[in-house]
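Heads up: the sequence shown begins at 1 in the numbering used here, then just goes up one per residue.
Even glycine gets a Cβ: it sits at the ideal position worked out from N, Cα and C.
All values reported here derive from a predicted model rather than from experimental measurement.
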Amino acid sequence: MARQVGGSEEHGEASGGSGRHGGKARGSQATSTAEQKSRAMSAAEQKSRATSATEQKSRATSAAKQKSRETSAAEQKSRATSTAEQKSRAMTSAQQGQKKTPKGGREENILLPEPEIRLHPHRSRKRDGQKELHCVFVDLEKAYDRVPREELWYCMRKSGVAEKYVRVVQDMYERSRTVVRCAVGQTEEFNVEVGLHQGSALSPFLFAIVMDQLSEEVRQESPWTVMFADDIVICSESREQVEENLERWRFALERRGMKVSRSKTEYMCVNEREGSGTVRLQGEEVKKVQEFKYLGSTVQSNGECAKEVKKRVQAAWNGWRKVSGVLCDQKISARIKGKVYRTVVRPAMLYGLETVSLRKRQESELEVAELKMLRFSLGVTRLDRIRNEYIRGTAHVGCLRDKVREARLRWFGHVQRRESEYIGRRMLDMELPGRRQRGRPKKRYMDGINEDMKLVGASVEDAEDRDRWREMIRCGDP
1 MARQVGGSEE HGEASGGSGR HGGKARGSQA TSTAEQKSRA MSAAEQKSRA
51 TSATEQKSRA TSAAKQKSRE TSAAEQKSRA TSTAEQKSRA MTSAQQGQKK
101 TPKGGREENI LLPEPEIRLH PHRSRKRDGQ KELHCVFVDL EKAYDRVPRE
151 ELWYCMRKSG VAEKYVRVVQ DMYERSRTVV RCAVGQTEEF NVEVGLHQGS
201 ALSPFLFAIV MDQLSEEVRQ ESPWTVMFAD DIVICSESRE QVEENLERWR
251 FALERRGMKV SRSKTEYMCV NEREGSGTVR LQGEEVKKVQ EFKYLGSTVQ
301 SNGECAKEVK KRVQAAWNGW RKVSGVLCDQ KISARIKGKV YRTVVRPAML
351 YGLETVSLRK RQESELEVAE LKMLRFSLGV TRLDRIRNEY IRGTAHVGCL
401 RDKVREARLR WFGHVQRRES EYIGRRMLDM ELPGRRQRGR PKKRYMDGIN
451 EDMKLVGASV EDAEDRDRWR EMIRCGDP
């Protein structure tokens, strides 16, 4: 009995041990299940977070698209508003009679020989009306080196230049020093307290501001007063009046620091009928001349341009000699030589000729000089008996008469597209009282323009359309 009981006890202990082991297994299974559930929950949370992030990105993208649409709509509205404003401004300017835009649709951005057009047609009109025109060419002694600094600051402020720019220029000129270098050495540095800087790109603009303010009280309307930097021309119909105007100019300039050169100031009388003498400047006689070179163009007292043509030919030969090493090289093709000639030599020959009326003899002088240069460049002479057309075709250089006519009509078109108050239009439309001389009348500038327009089949109205005018007058090289 006791054994049975012991055995049963042992059996109970064994069964108890197995129960403990089963409880542990069940606990471990429950723990693993809980971990799996937590992992599943964390994965679900990650998925939900990713989904929410994707939704946020899509919302941000849609908001950005909406903003861009709103911005584009605002830009379209602003463009429409600016277009409407431009149209209203254009209508207002047209109603007020302001400057009109060429029919080609582009604004003019051109450089015109304005000082020349104020002198050449003016002289020819006085010549035709048998009236005298008295001109004094004023020269300023060391104009750039005599400008007082205080006068420069005053003129800049009076012209409306912002104070910050005035201070910048003052800083450029403050404590400027220089030395003098000679054969035996150089001097010590010394301060420069007067004048403008030589070689500075700003100096011409500053000098123009100073001259504009100094001559404000004495300057007359063009063409009676022509100014280009320090080159001044004073014109009048009587010698007494031009002498009085010269004295006024001298007083206005010298009381502000400038000085008129007595030796280089010259006087010329156009269409002089009697010995009218000369003008005086503070008791000294001003040198009287029959011709004067103004801005590279020769002005003659008889209103002709024969000497100007000769000087144009001389200038062309000077340019040809500078590039003769290229033009006379037999290894270089004729086409390249023609390009060099059209680029270097021809502009020197045609300079300023668009403002004068050439005779046939003067045009022939220019053509003879050009053909001689082309023959030298191609290595042929007149003894080879080669026609001029073949020479021009070989060098690809067009007829000089046609080029002069093109330049003259191109300039005339520029003037016609300007406003009616422009000095060029007023000079061309000006009619002076008086009668022309007996006999064959001399050729006037507008006579040459009318002949040129007749040759190309153009009219004055065609000049309003810039593109059409260019096509009608253009004469290309072969």
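Minimum C-alpha distance to residue i - residue among the options
| i | options | result |
| --- | --- | --- |
| Gln178 | Gly195, Gln170, Ala162 and Val168 | Strictly speaking, residue 178 in this sequence is Thr, with Gln absent from that position. The candidate whose alpha carbon is nearest that of Thr178 is Gly195. |
| Glu274 | Lys131, Tyr422 and Glu419 | Lys131 |
| Asn271 | Ser236, Leu246 and Leu253 | Ser236 |
| Glu240 | Val180, Val279, Ile209 and Ala334 | Val279 |
| Gly366 | Pro347, Leu214, Asp465 and Arg382 | Inspection of the sequence shows that residue 366 is occupied by Leu rather than by Gly. Cα-wise, what sits closest to Leu366 is Pro347. |
| Glu285 | Gly277, Phe412 and Asp477 | Gly277 |
| Gly160 | Leu327, Asp212, Val356 and Leu400 | Asp212 |
| Ser238 | Lys264, Cys135, Asp230 and Ser420 | Cys135 |
| Leu133 | Ile234, Arg470, Thr343 and Leu400 | Ile234 |
| Lys158 | Glu188, Leu214 and Cys399 | Leu214 |
| Lys360 | Lys442, Phe376, Lys331 and Val289 | Lys442 |
| Arg149 | Gln290, Ala162, Ser176 and Glu216 | Ser176 |
| Ala229 | Glu247, Glu216, Ile209 and Glu217 | Ile209 |
| Phe207 | Cys399, Glu163, Trp411 and Asp145 | Asp145 |
| Leu428 | Lys339, Arg392 and Trp411 | Trp411 |
| Glu406 | Lys259, Met472 and Glu216 | Met472 |
| Lys339 | Val397, Ala162 and Phe292 | Val397 |
| His197 | Val169, Arg468, Glu217 and Asp477 | Val169 |
| Trp481 | Arg436, Asp467 and Arg426 | Any question about residue 481 goes unanswered here, given that the chain covers just 1 to 478. |
Inter-residue Cα distance where the pair is residue i and residue j
| i | j | result |
| --- | --- | --- |
| Trp320 | Tyr341 | 8 angstroms |
| Glu174 | Glu151 | 15 angstroms |
| Asp171 | Ala201 | 16 angstroms |
| Tyr445 | Lys454 | 14 angstroms |
| Arg417 | Asn450 | 17 angstroms |
| Ser496 | Leu409 | Coverage of the chain is limited to positions 1 through 478, which leaves residue 496 absent and any answer about it impossible. |
| Leu378 | Arg312 | 22 angstroms |
| Arg219 | Trp249 | 8 angstroms |
| Asp329 | Thr381 | 16 angstroms |
| Arg167 | Met156 | 11 angstroms |
| Ser333 | Gly325 | 13 angstroms |
| Gly424 | Gln186 | 51 angstroms |
| Phe190 | Asp139 | 29 angstroms |
| Asp452 | Lys287 | 39 angstroms |
| Val368 | Ser203 | 42 angstroms |
| Arg440 | Val356 | 19 angstroms |
| Asp465 | Met349 | 29 angstroms |
| Gly457 | Thr394 | 29 angstroms |
| Ile110 | Val415 | For Ile110, the pLDDT reaches just 34, beneath the cut-off of 50, and the residue's location in the model is therefore unreliable, leaving the point undetermined. |
| Ser364 | Arg375 | 16 angstroms |
| Val309 | Lys164 | 49 angstroms |
| Asp462 | Arg470 | 10 angstroms |
| Glu291 | Lys264 | 14 angstroms |
| Gly199 | Phe205 | 12 angstroms |
| Asp477 | Leu400 | 10 angstroms |
| Arg468 | Glu389 | 29 angstroms |
Counted within 10 angstroms of its Cβ, other Cβ atoms place residue i as buried (16 or more) or exposed
| i | result |
| --- | --- |
| Gln362 | buried |
| Gly283 | exposed |
| Met430 | exposed |
| Arg181 | exposed |
| Lys337 | buried |
| Ser297 | buried |
| Asn245 | buried |
| Gly23 | Low confidence applies here, because Gly23 scores a pLDDT of 46, under 50, leaving its location unreliable; read the following figure in that light. By the neighbour-count rule (16 or more Cβ atoms within 10 Å), Gly23 is not buried but exposed. |
| Gly413 | buried |
| Ala143 | buried |
| Arg385 | exposed |
| Glu354 | buried |
| Glu243 | buried |
| Gly448 | buried |
| Ala183 | exposed |
| Glu370 | buried |
| Val460 | exposed |
| Leu383 | exposed |
| Arg335 | exposed |
| Arg392 | buried |
| Ala316 | buried |
Whole-Å CB distance - residue i paired with residue j, under 8 angstroms assumed
| i | j | result |
| --- | --- | --- |
| Met373 | Val345 | 7 angstroms |
| Glu254 | Phe137 | Contact flag wrong, Cβ pair sits at about 18 angstroms. |
| Gly257 | Val147 | 7 angstroms |
| Lys307 | Gln314 | Not confirmed; about 10 angstroms, so no contact. |
| Cys305 | Asp402 | Between Asp402 and Cys305 the Cβ distance is about 19 angstroms, and since that is not below 8 angstroms, they are no contact. |
| Tyr154 | Asp231 | Not quite, the Cβ-Cβ distance comes to about 24 angstroms (not below 8 angstroms), so this is no contact. |
Residue i: CB within 7 angstroms of a non-hydrogen atom of the ligand GTP
| i | result |
| --- | --- |
| Glu365 | The model on display carries no ligand, and the ligand GTP is accordingly not part of it. |
Requested in this report: At 3 residues or longer, and completely inside the stretch 198-271: list those beta strand (DSSP E) runs for me, N to C.
Outcome: With a minimum length of 3 residues, the continuous beta strand (DSSP E) runs that stay inside the stretch 198-271 are 225-228, 231-236 and 266-270.
**Report entry** Unbroken stretches of the alpha helix (DSSP H), 4 residues or longer, contained in the stretch 404-429
**Finding:** 423-429
Query raised in the report: Which parts of the stretch 359-389 are runs of the alpha helix (DSSP H), unbroken and 4 residues or longer, counting only runs that do not cross its ends?
Result: 360-378
Report task. Could I get the ranges of all uninterrupted alpha helix (DSSP H) runs contained in the stretch 320-356, with 4 residues as the minimum, in chain order? Result -> 324-327, 334-340 and 346-350
Query raised in the report: What residue ranges within the stretch 131-163 form continuous alpha helix (DSSP H) runs of no fewer than 4 residues, ordered along the chain?
Result: Counting whole runs of 4 or more residues, the stretch 131-163 contains the alpha helix (DSSP H) stretches 149-158.
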